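S.K.: Numbering (this note's numbering), first residue to last: 458 to 567.
The beta carbon of each residue, even a glycine, is placed where N, CA and C say it ideally should be.
Bear in mind the structure is a predicted one, so any value in this text is a computation, not a measurement.
Got a structure for you, written out below as structure tokens; questions coming shortly.
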């Protein structure tokens with residue numbers, strides 16, 4: 458089965474649907490015309506081989522790079538050159554940590 462993401466006019470993913478394998482080669486036409494769903498549809502994949510990563514609602518599509526970008530996890534995080542969100546400081550490698558946005562730092566989880 459193939460997966461296609463519906464993109465709105467702001468390049469935001471609205472939904473992801475499954476398309477039968479025999480329709481994969483014409484996914485946009487199949488979804489918009491045959492099924493009457495309209496809109497713009499782009500293929501995405503669970504194995505990250507198409508457009509960097511599997512799209513989900515709220516992701517954005519970067520047309521220039523032809524990749525899907527996850528929603529920004531926290532306001533202080535920035536997008537790197539690989540289209541991945543990065544925290545202001547690297548996550549420690551030992552133990553279990555979570556990001557505290559109000560303090561803008563990693564806090565260890567017991």
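1) Looking at the structure shown, is residue 478 part of a helix, part of a strand, or coil, going by DSSP?
2) Tell me where the beta strand (DSSP E) around residue 499 begins and ends.
3) Buried or exposed, going by whether 16 or more other CB atoms sit within 10 Å of the CB of residue 535?
4) Using three-state DSSP, classify residue 466 as helix, strand or coil.
5) Between which two residues does the beta strand (DSSP E) harbouring residue 517 extend?
6) Below 8 Å between beta carbons: does that hold for residue 515 and residue 550?
7) With a cut-off of 8 Å on the beta carbons, I'd call residue 486 and residue 459 a contact; round off their distance for me.
8) From what residue to what residue does the beta strand (DSSP E) around residue 557 run?
M.R.: Answer, in terms of the structure:
1) helix
2) Note, residue 499: beta strand (DSSP E), 497-501.
3) Flag for residue 535 reads exposed.
4) coil
5) 517-519
6) If you check the CB distance, residue 515 and residue 550 do not come in under 8 Å.
7) Not confirmed; about 13 Å, so no contact.
8) 554-557
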